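If you're matching them up, the sequences are chains A and B in order.
The first sequence begins at 201 in my numbering and counts up one residue at a time.
The second sequence begins at 816 in my numbering and counts up one residue at a time.
What follows is a short report on a single structure.
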Amino acid sequence: MTRKHKLSLHVDVVKRVALLAPATFFIALFLFLPLSLVVTYSFLEKAQFGGVIWEFSLAAYEQLAFEHDIFTGELSVNLAYAGIILRSLLHAISATVLCALVGVPMAYYIATLSPRHQSMMLLLITVPYWVNLLVRTVSMLFIIRNEGPLNTFLIWLGLISEPLHIAYTNTAIQIGLVYSYLPFMVLPIYAAVERFDFRLLEAAHDLYAGRWTALVTVLIPAIAPGIVAGAILVFIPCIGAYIAPDLLGGGKELMIGNTIALQFQSSRNWPFGASLSVILMSIVLIALFLLARMARHGKGHKS
Amino acid sequence: MTQDSPALVLSNVSKSFGPVMALDHISLEIGANEFFTLLGPSGCGKTTLLRLIAGFELANSGQICLFGKDIAGLPANKRPVNTVFQQYALFPHMSVGENVAFALRRLRRSESDIKKRVGEILETVDLAGYQSRFPHQLSGGQQQRVALARALAPAPKLLLLDEPLSALDLKLRQQMRRELKNLQHETGIAFVFVTHDQGEALAMSDRIAVLSQGELHQVGTPKEVYESPATRFVAGFIGDINVLEASVVETRGDESICRIAGGHIVVCSGVAPLNARVHIAIRPERIKLSGSIPLEVKEVAYLGDATEVTGNISGGAELRLRLPPGTSPPELGATIHVSCETRTARVLPD
């Protein structure tokens, strides 16, 4: 009896290990290995033509904030990279906020349509994703350039007389980021609004709340988890964005993603690229932590 | 029942959704201190009527006057009327206290007023000390009380209740019936209560309005709608009833003497033209187990508080009667003799 029991327990353990093995293998191979490589590289000496020399060094982190004078070798503060990190952060935050401002009304509107129209709208939202991000970003550049359809249209309307110089500015980067990642904001918010009990708005209305008050006091708190999920999904790709700042920003306004790419390409400074990546990951982790805390707060101290 | 000035007067209120007529020229008066019930099967328009009063829907035509003021055009948040929703619709992200304070905050009452009122009203519904709980931490019955407290907190002139007891189990439902009734007495405001449960309607109401397919069939006290149904629909919907075909053989004042299938004579209340083919209605509990009408027993069902006997009278018509406990039930297939006492049956208007 007990032996049989022990045997079945043993089979259970074997089964469990066997079932977990593929997932464990994948995580080890595709998450832990590259991650530890990145972290390790950031603490190594750079080789002259790319790659690393296997010697411990903090040079890559030192370079984040200081530079050596080429001739005297004197150490001085260099805020260029801090500026790039700050700009990336601002771009990502601003794009996330803009996506939320556009995404909430959009998701609300879709969720109030008939089920048939809802699925059609959701399909339309995902349609741009059938095209490669690079191609989409190039077409956005085509739209906003000086002789592009946007400026032509605005001049035709008589709203402006000179074309707006949008291309290769921070505005262009923002347009590109919002355009690229808006669906990641809309879909989770839509899911939240779709689950929302609209009778709660009626109840708020009944209890003397006007439209706006009802939205702010009842709808927004109820769909807050969706907004937070959307914010996470938009913020993470935005802060590491590479294509939008490269193409729409014209490579003038560097973001952290471009800077990292540069280190592995022309600058041939792999450790510095790795240290920037570690910084980027830390920012993302901090942001995730903050947003998760907000989400828990928004749920009303639930459990 | 209606006292000096009515709380709510509906005149010729109609509402249609596309081609569907949800409410057809409804006129009603609800007294200032009345427990008034809108009763009918699902889809009869009772909930639509409630939503019109609350302001969630606007009537196509007609007037809705609250203490003499026409509110038909006002949005819900401008009407001094509050609703207890069917599934309560409590705000899940707010504590009980915040739920109850919601309306008071919108009305910009002072913080000390709000605190006092919330405590007071939670005390009334026996939920003192539950202020900081959240709706999902409460039982169904407690959520129901919070919904009541939330709707009563701003002291509305009229409280609307949309099938508030339907989500509760039987025991709790019966307890809440009494509590609602008491609460209505305490607050002294009119309650408009929507239900499809005729038992609930009879037990709680001062007056009942019976609706079917958007039309108002009868407005009366529970006794009136039960004992003198105005239409066949009302007779069939409220309580159990036998409806038999008959012809009028003699009329005497407000009585009609009718002959039913098999040639048996029944003296009914209600007037009808001589020789007319009419329907008469008899409650099962009013049929006596003695008399001249032979009944072949087809079915005997023990219900606990009574025994229900179904059988055929000669001529084929089916008759159901209810025997009080203690009466020994007849055998299946046996023939028993029954009778309807004078004026216990009623001629139904068509």
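Built from N, CA and C at the ideal position, the CB exists for glycine as well.
On a predicted model such as this, the values are computed, not experimentally measured, just so you know.
Output needed for residue i: all residues of its chain with C-beta closer than 6 Å, excluding positions within five of it in sequence on either side, in chain order.
i                   : result
Pro-895 of chain B  : Pro-971 and Lys-972
Ile-879 of chain B  : Leu-825, Ile-886 and Ala-887
Ile-1128 of chain B : Gly-1077, Ile-1108, Leu-1110 and Leu-1134
His-501 of chain A  : Residue confidence is low: His-501 of chain A scores 43 on pLDDT, short of 50, so the model does not pin down where it sits. No coordinate-derived value is stated.
Relative to the alpha-carbon of residue i, which residue among the options has its alpha-carbon at the smallest distance?
i                   : options                                          : result
Phe-906 of chain B  : A:Leu-357, A:Ala-414 and A:Ala-429               : A:Ala-414
Gly-430 of chain A  : A:Leu-298, A:Pro-234 and A:Phe-232               : A:Leu-298
Glu-844 of chain B  : B:Gly-858, B:Lys-1103 and B:Ile-868              : B:Ile-868
Ala-265 of chain A  : A:Leu-377, A:Val-277 and A:Leu-313               : A:Val-277
Asn-892 of chain B  : B:Arg-866, B:Tyr-903 and B:Ser-910               : B:Arg-866
Ile-1102 of chain B : B:His-1152, B:Pro-1140 and B:Glu-1070            : B:His-1152
Gly-473 of chain A  : A:Glu-267, A:Ile-456 and A:Met-494               : A:Ile-456
Leu-244 of chain A  : A:Trp-254, A:Ser-236, A:Leu-231 and A:Val-335    : A:Trp-254
Ala-943 of chain B  : B:Val-933, B:His-951 and B:Phe-949               : B:Val-933
Ser-842 of chain B  : B:Cys-859, B:Ser-1043 and B:Val-1034             : B:Val-1034
Gln-999 of chain B  : B:Met-1019, B:Thr-1010, B:Asn-827 and B:Gly-1014 : B:Met-1019
Glu-267 of chain A  : A:Leu-447, A:Tyr-281 and A:Phe-256               : A:Tyr-281
Pro-471 of chain A  : A:Gly-450, A:Leu-237, A:Arg-287 and A:Lys-215    : A:Leu-237
Val-828 of chain B  : B:Gly-858, B:Ser-820 and B:Glu-872               : B:Glu-872
Thr-240 of chain A  : A:Gly-449, A:Leu-476 and A:Leu-301               : A:Leu-476
Ala-492 of chain A  : A:Pro-315, A:Val-484, A:Val-428 and A:Leu-447    : A:Val-428
Ile-366 of chain A  : A:Ala-495, A:Ile-432, A:Pro-445 and A:Gly-283    : A:Pro-445
Ile-284 of chain A  : A:Leu-454, A:Ile-460 and A:Ile-486               : A:Leu-454
Arg-921 of chain B  : A:His-405, A:Val-434 and A:Gln-465               : A:His-405
Ala-1121 of chain B : B:Ser-1105, B:Leu-1138 and B:Pro-950             : B:Leu-1138
Ala-403 of chain A  : B:Ala-962, B:Glu-1123 and B:Leu-953              : B:Ala-962
Val-1082 of chain B : B:Val-1058, B:Thr-1159 and B:Val-1049            : B:Thr-1159
What are the start and end residues of the beta strand (DSSP E) that includes residue i?
i                   : result
Trp-254 of chain A  : 252–256
Glu-245 of chain A  : 244–246
Phe-398 of chain A  : That residue, Phe-398 of chain A, is in no beta strand (DSSP E); it is neither H nor E in DSSP.
Pro-425 of chain A  : Here Pro-425 of chain A belongs to no beta strand (DSSP E); instead the alpha helix (DSSP H) covers 420–439.
Arg-1022 of chain B : 1022–1027
Gln-878 of chain B  : 876–881
Glu-1015 of chain B : Looking at the DSSP string, Glu-1015 of chain B is not in any beta strand (DSSP E); the run it does join, the alpha helix (DSSP H), is 1013–1019.
His-365 of chain A  : Premise fails: His-365 of chain A is in no beta strand (DSSP E) and is neither H nor E.
In the structure shown, what three-state DSSP assignment does residue i receive?
i                   : result
Gly-303 of chain A  : helix
Pro-1037 of chain B : helix
Leu-454 of chain A  : coil
Phe-1048 of chain B : helix
Asn-897 of chain B  : strand
Glu-935 of chain B  : helix
Asn-1057 of chain B : strand
Asn-351 of chain A  : helix
His-840 of chain B  : strand
Val-1093 of chain B : strand
Pro-1109 of chain B : strand
Phe-384 of chain A  : helix
Please decide whether residue i counts as near chain A, where near means a Cβ-Cβ distance under 8 Å.
i                   : result
Thr-1002 of chain B : no
Leu-922 of chain B  : yes
Pro-834 of chain B  : no
Thr-862 of chain B  : no
Ala-1116 of chain B : no
Phe-1008 of chain B : no
Thr-939 of chain B  : no
Ala-1045 of chain B : no
Arg-965 of chain B  : yes
Pro-979 of chain B  : no
Asn-875 of chain B  : no
Phe-763 of chain B  : With chain B covering only 816 through 1165, there is no way to say anything about residue 763 of chain B.
For residue i, report the span of its alpha helix (DSSP H) as first-last.
i                   : result
Lys-861 of chain B  : 861–869
Ser-319 of chain A  : 315–326
Ile-343 of chain A  : 333–344
Ile-443 of chain A  : 443–447
Thr-1010 of chain B : Counting along the chain, Thr-1010 of chain B falls outside any alpha helix (DSSP H), though it belongs to the beta strand (DSSP E) covering 1005–1010.
Phe-917 of chain B  : 911–921
For residue i, I'd like the list of residues in its chain whose CB is within less than 7 Å of its CB, leaving aside the five on either flank, ordered along the chain.
i                   : result
Gln-818 of chain B  : Per-residue confidence for Gln-818 of chain B stands at a pLDDT of 48, beneath the threshold of 50, marking its modelled position as unreliable; no derived number is given.
Ile-936 of chain B  : Val-915, Ala-964, Leu-967 and Ala-968
Ser-208 of chain A  : none
Val-1009 of chain B : Leu-853, Lys-861, Thr-862, Leu-865, Leu-976, Asp-977 and Glu-978
State yes or no: is the beta carbon of residue i nearer than 8 Å to at least one beta carbon in chain B?
i                  : result
Asp-446 of chain A : no
Tyr-408 of chain A : yes
Val-393 of chain A : no
Ala-492 of chain A : no
Val-418 of chain A : yes
Asp-397 of chain A : yes
Excluding five sequence neighbours on each side, which residues of the same chain lie with their C-beta closer than 8 Å to the C-beta of residue i?
i                  : result
Ser-820 of chain B : Ala-847, Phe-882 and Gly-883
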